[in-house]
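Protein chains in written order, with our numbering: chain A, 114 to 484; chain B, 2 to 344.
Single-structure report; data block below.
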Amino acid sequence: MADSNDPDDTPADRGGRLGTAGFIPAVVRSGRDAMSTEVALTVFRQMVRTRALEERGIKMSKSGEAYFWIGGPGEEAVNVCLGLQVNKGAGPAYDYLHLHYRNAGILLGMGMPMLDHVRQLAMTATDRHSMGRNFVGHYAMPEWNVVPVTSVIEVQMVMAPGTALMQKRHGGEGISIAVSGDAGTAEGDFESCLLWSSRPGNELPVLTVVTNNGYGISVTHDSQHAVKHIARRADPYGIRHETIDGNDPVVVWNAVARAMRYVRTQRKPFVLEAMVSRLHGHSSSSGAQRNWQEADCLALFEQKLIDGGVIDADQVAALREEAKAEADDAAVTVAGEPRPTPLDVPLGTYAPSAVDAVYPKDYTGLPQRRR
Amino acid sequence: MALHYGEEHLGVTDVFGEDVGPPLGGVFTATQGLKTAWNSPLDERGILGTAMGIAYAGGKPVCEIQFCDYAFNSIDLMKVAGNQRWCSAGAFAMPIVVMTPNGAGIRGSIYHSHSFESWASRLAGWKVVMPSNPLDAYGLMLAAIQDPNPVLVLLPKALMRVKGDQPIPGEPADSDDLGRMIDAPIGDRTDWRPNWPAVEEYIVPIGKAARVREGHSATVLTWGRLVPLCAKAADELAREFGHTYDVIDLRSIFPYDWDLISRSIEKTGRLLIANEDTEVTNFGEHLLRRAIDEHFYDLLVKPRTLMGKHLPGIGMNQVYEDNSVPQYPDVKAAMRDITAEPA
Chain A
114 MADSNDPDDT PADRGGRLGT AGFIPAVVRS GRDAMSTEVA LTVFRQMVRT
164 RALEERGIKM SKSGEAYFWI GGPGEEAVNV CLGLQVNKGA GPAYDYLHLH
214 YRNAGILLGM GMPMLDHVRQ LAMTATDRHS MGRNFVGHYA MPEWNVVPVT
264 SVIEVQMVMA PGTALMQKRH GGEGISIAVS GDAGTAEGDF ESCLLWSSRP
314 GNELPVLTVV TNNGYGISVT HDSQHAVKHI ARRADPYGIR HETIDGNDPV
364 VVWNAVARAM RYVRTQRKPF VLEAMVSRLH GHSSSSGAQR NWQEADCLAL
414 FEQKLIDGGV IDADQVAALR EEAKAEADDA AVTVAGEPRP TPLDVPLGTY
464 APSAVDAVYP KDYTGLPQRR R
Chain B
2 MALHYGEEHL GVTDVFGEDV GPPLGGVFTA TQGLKTAWNS PLDERGILGT
52 AMGIAYAGGK PVCEIQFCDY AFNSIDLMKV AGNQRWCSAG AFAMPIVVMT
102 PNGAGIRGSI YHSHSFESWA SRLAGWKVVM PSNPLDAYGL MLAAIQDPNP
152 VLVLLPKALM RVKGDQPIPG EPADSDDLGR MIDAPIGDRT DWRPNWPAVE
202 EYIVPIGKAA RVREGHSATV LTWGRLVPLC AKAADELARE FGHTYDVIDL
252 RSIFPYDWDL ISRSIEKTGR LLIANEDTEV TNFGEHLLRR AIDEHFYDLL
302 VKPRTLMGKH LPGIGMNQVY EDNSVPQYPD VKAAMRDITA EPA
C-alpha cells in the first residue's frame, strides 16, 4: 500500500505544494499534535478549493444555474484531512467510502476535479456520478470505491460492514469509511453499524466518522441527544473512539491518521467524532446564508499558518484567486454542456442479464408482447 | 440444493440471516449444511445493508429475511438497493438475492402470514420472483443468483414442505434418501456434514410464466400458494362442467410475462386474477388495468379478481385465516363463476 500520510507521495492533482520565501518552520503544531509544513500547505490549499467550490455552488443555486445546493462549508478540515489519507482504488484492497452529502472536501482531497462536482450541481448529462439525476454531492465513483451517496439519512452505515467483511477476508489494509452527521446517528442504522462491526470474533475494519455540527436541519443536537459525545456510544460495543476539534486541521490530520492506522492494522472498528461548524445552514432550502457566529476552520487555519510564518497574506490571496477561477471555469464549462434527454430517463435501470427473458439488456418500459 | 449449487458453481459467497447458519440452518431448515451460511444479528436493516456492502466489494450474497412480515422496516433500503445502478448512471451494479417466506397457510397468525409481492412490485430496479413448486424454486433461485441485479425471491410458506411432481435434476428419486443426505440430525450436529446429491444447473428465466393447465374457457392468472389450488380447481371443473382453463403461474412478479398473459386473454376472453395479497392496491390490480387497457374489446365478460381482504392481519384462530385469504372453495367458486356468466 502507498503511504498516503507521506506528503511526497501526494500526487500533483491532490494540490501540489506552495513555495514560500524566507524561513519557514518544519512543522505546524496544535497542542501535542504536529503536522509537517508541506502537509499543512497541501491541506490548506485543498480547504481553500473546497470552500471556493461550495461558495460557487451556493451562488449557482441562487442564480438558477443549479436547482438545489447542499454541502459542507465548515467541515473542510475534516473532509480534506480524511480525503488526503484515503488509500484510493477499486476493490477490497483499497478503502471503501460510504459518504453523506457534505463531503466535497474528501473527494477534492482525493483528486476529483471541481468540474465533476459542478456537473452534478448543474444536472448535466455529463454528470459522471448520476447523469443529472441526483442532488449535488451525491457521488458515485467505482474506480475509487465511492459507493453511491443517498439522501436517505444513515443508510450508508449498514452497508459499511458488508464492504469491511469482504476487506477482512481479502487481507491487506483496506478499510471501510462511513461518514455521517450527528443528527443522523439517531437512526438505528448507526447502532447497526456499531453492532455489526464489533461482533465478537468477527470484528470489522470500519472507520465511522461523525461530523457533529450541532444541528439536524433546524433542531439542535442538545435538545435531542442526552449523550454529550456521540463517540461514547461506541463504549458498550467495546469500540475505540475519539472526539476531536474538527476545526483544527492539525488535530484532525493526526486523529485521522491514528484512527486509520488502528483500523488498518488491527482490523477492528473505530469511531471518530469531529466537532465542526455549519457555516451556511442545512441547504439552499434554508437560504444557505453565512452564519458568522460559528468558528470557521479555514479562517482559523489561515491565521495559524500566517502567524507561524508558513504562508503570507499575498500567497493566501493568490490561492483564493486560483480556487475561485477553477470554480468559475467549471461553472462556465457546464453551462454549455448537454442536459439529459427523455431518452436518457430509463437508462441504467438494470444491468444486462442472460437469465432475464424480458429485460436482457436494460429496462425498456412495461413488459410487452413478443413479436 | 439451489444454494448449494450456487455456492459451488455460481460464485455465491455468503448465505446469511437470522438462524441461517449452523446449528439451525434456517427456520425452515433450508440452509442446513451450506458452507457459506452464517448467522447474523437479528437486524433486518443490517442484513440488507451488509448484503449491499458485500455486493459492492465483489461478493455474491444471498441473504434471508426470516419472514417477509419483518421486511417492512427495510423497505427504504430495498428502494436504495434498487436504485443504485440508475442513480449512479450505470456505474454500480447491485447483485444481491434476498429470499423470504411469503403469504399465509401455515397458521402463522398476524406476523407470519403477510404477503409482500404487491409492496415489492413497486420497488423499481428489483426483480421479484415467486415459485410455486420445488423445481421452479430451484430454477428461479439459480436465475436470481446469476442475475446481476437485486432479486427478491418470495417463497410461499405453505408450499415450502410440499413435494413437487418434477424432480430437480440430480435429485434422488426417494425423498427419504434425500433427507438422510442433507437434513441435519436432531440433537448435536457438531460433526454432521451433508452429503450433497450431484444436482445440475436448471434455470427458470426471470419473466417467464408457466401455463400449468391449458384450456379455452377462461384465463386464470395466479401465483404462489394459490397455483396448486387453481390447478386442482381446473381439473375438477373440467370433470364436473367440461370447462377448461388456461391456468398461468406467473412465477415472476416483475418483470412479468405479458406475452403469455396477453395471448391467453385474447384466446379465452375471460380473466380471473387470483392471489392472496390484500386487495387494496394489489399487484393483480395492475395486471387487471393492463388487461382492460389492451384487451377491452377481447373480453367477453367483466374481468375479476380474487384477493385477500383488506385487513390489518390474519388472526390465529383458523376462522380468521379461512375468511381473510382465498381458500380452495373460494378459488373454485370464482373459477366457476367466470365461466358461468353469459357472454
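For glycine and all other residues, C-beta sits at the position ideal for the given N, C-alpha and C.
Spatial neighbours of residue i within its chain, please: C-beta separation below 8 Å, excluding the five flanking residues on both sides.
| i | result |
| --- | --- |
| L460 (chain A) | M244 and D475 |
| A570 (chain A) | The structure shown does not extend to residue 570 (chain A), since chain A is modelled only from 114 to 484, so the question has no answer here. |
| S399 (chain A) | I330 and S331 |
| Q319 (chain B) | R108 |
| A159 (chain B) | G104, A105, G106, I107 and R226 |
In chain order, what residues of the same chain lie with their CB nearer than 7 Å to the CB of residue i, ignoring the 5 residues before and after it?
| i | result |
| --- | --- |
| L261 (chain B) | A210, R212 and I249 |
| W193 (chain B) | A185 and P186 |
| A252 (chain A) | At residue 252 (chain A) the sequence reads Tyr, which differs from the Ala that was named. Result list for Y252 (chain A): L212, L220, H242, V259 and V262, in chain order. |
From the DSSP output, in three-state form, read off residue i for me.
| i | result |
| --- | --- |
| D335 (chain A) | helix |
| K128 (chain B) | strand |
| H211 (chain A) | strand |
| T446 (chain A) | helix |
| D348 (chain A) | helix |
| M79 (chain B) | helix |
| Y112 (chain B) | coil |
| G329 (chain A) | strand |
| L479 (chain A) | coil |
| H283 (chain A) | helix |
| D229 (chain A) | helix |
| F68 (chain B) | coil |
| I357 (chain A) | strand |
| R142 (chain A) | strand |
| A165 (chain A) | helix |
Interface residues of chain A around residue i at Cβ under 8 Å?
| i | result |
| --- | --- |
| G208 (chain B) | D469, A470, V471, Y472 and P480 |
| T51 (chain B) | V271, M272, P274, G275, L278 and W309 |
| D175 (chain B) | Within 8 Å Cβ-Cβ: nothing; D175 (chain B) doesn't reach chain A, min ~31 Å. |
| Q147 (chain B) | S466, A467 and V468 |
| T263 (chain B) | What sits at residue 263 (chain B) in the sequence shown is Ser, not Thr. Result: R482. |
List, in chain order, every chain B residue whose beta-carbon is nearer than 9 Å to that of residue i.
| i | result |
| --- | --- |
| L460 (chain A) | W87, A90 and G91 |
| V265 (chain A) | D77, L78, K80 and V81 |
| G284 (chain A) | Neighbours of G284 (chain A) on chain B: none; closest Cβ ~13 Å, over 9 Å. |
| V260 (chain A) | M53, G54, Y57, Q85, S89 and F93 |
| A253 (chain A) | Q85, C88, S89, A90, A92 and F93 |
Buried or exposed for residue i, going by 16 or more other Cβ atoms inside 10 Å?
| i | result |
| --- | --- |
| D458 (chain A) | Here the sequence assigns Val to residue 458 (chain A), which means Asp is not the residue at that position. Classification of V458 (chain A): exposed, given that the 10 Å Cβ count is below 16. |
| H354 (chain A) | buried |
| A134 (chain A) | Confidence at A134 (chain A) is low in this model, with a pLDDT of 49, below 50, so the placement of that residue should be treated as unreliable; the coordinate-derived value is given next. Flag for A134 (chain A) reads exposed. |
| I293 (chain B) | exposed |
| S310 (chain A) | buried |
| M317 (chain B) | exposed |
| S336 (chain A) | exposed |
| D358 (chain A) | buried |
| A436 (chain A) | buried |
| G478 (chain A) | exposed |
| F248 (chain A) | buried |
| W405 (chain A) | exposed |
| R160 (chain A) | The amino acid occupying residue 160 (chain A) in the given sequence is Met; Arg does not appear at that position. Result: buried. |
| L49 (chain B) | buried |
Identify the contact partners of residue i in chain B, using a Cβ-Cβ distance below 7 Å as the criterion.
| i | result |
| --- | --- |
| R483 (chain A) | D260 |
| Q347 (chain A) | Per the sequence shown, the amino acid found at residue 347 (chain A) is Ala instead of Gln. Those within 7 Å of A347 (chain A) in chain B number zero; the least Cβ separation is about 16 Å. |
Check the Cβ of residue i against every Cβ in chain A and list those closer than 9 Å, keeping chain order.
| i | result |
| --- | --- |
| P157 (chain B) | Within 9 Å Cβ-Cβ: nothing; P157 (chain B) doesn't reach chain A, min ~21 Å. |
| S119 (chain B) | None at all; the shortest Cβ gap to chain A is about 16 Å. |
For residue i, go through chain B and note every residue whose CB falls closer than 8 Å to its CB, in chain order.
| i | result |
| --- | --- |
| G301 (chain A) | R46 |
Among residues of its own chain, excluding the 5 on either side of residue i, which ones have a beta-carbon nearer than 6 Å to its beta-carbon?
| i | result |
| --- | --- |
| I219 (chain A) | N192, L195 and G196 |
| D338 (chain B) | none |
| A52 (chain B) | P62, C64 and I97 |
| S89 (chain B) | none |
| G22 (chain B) | A38, W39 and N40 |
Can you name the residues of chain A whose CB is closer than 7 Å to the CB of residue i?
| i | result |
| --- | --- |
| I315 (chain B) | Within chain A, no residue comes near I315 (chain B); the closest Cβ sits about 27 Å away, beyond 7 Å. |
| G60 (chain B) | M279 |
Give a single yes or no on whether residue i has its beta carbon closer than 7 Å to a heavy atom of the ligand MN.
| i | result |
| --- | --- |
| I274 (chain B) | As presented, the structure is devoid of all ligands, the ligand MN included, so that no description of it is given. |
Quiz item: Residues in the segment 228-250 of chain A with C-beta within 8 Å of chain B's C-beta atoms, listed in sequence order?
Solution: Cβ contacts with chain B come from D240, R241, H242, S243, M244, R246 and N247.
Quiz item: Closer than 8 Å, Cβ to any Cβ of chain A: which residues of the segment 209-220 of chain B, in chain order?
Solution: Cβ proximity to chain A below 8 Å picks out K209 from the segment 209-220 of chain B.
Quiz item: Mind listing which residues of the segment 200-213 of chain A have their C-beta closer than 9 Å to chain B's C-betas, in chain order?
Solution: Within the segment 200-213 of chain A, the residues whose Cβ lies closer than 9 Å to any Cβ of chain B are, in chain order, G204, P205, Y209 and H211.
Practice problem: Output, in sequence order along the chain, the residues in the segment 12-30 of chain B whose CB is closer than 9 Å to any CB in chain A. | Solution: Those residues of the segment 12-30 of chain B that come within reach of chain A (Cβ to Cβ, closer than 9 Å) are T14 and D15.
Exercise. Please list the residues of the segment 310-324 of chain A that have a C-beta atom closer than 8 Å to any C-beta atom in chain B, keeping them in chain order.
Key: Going along the segment 310-324 of chain A in chain order, one finds R312 with a Cβ nearer than 8 Å to chain B.
Self-check item: Interfacial residues, the segment 370-403 of chain A to chain B, with Cβ spacing under 7 Å
Solution: Residues are counted here when their Cβ sits less than 7 Å from a Cβ of chain B; for the segment 370-403 of chain A the count is zero.
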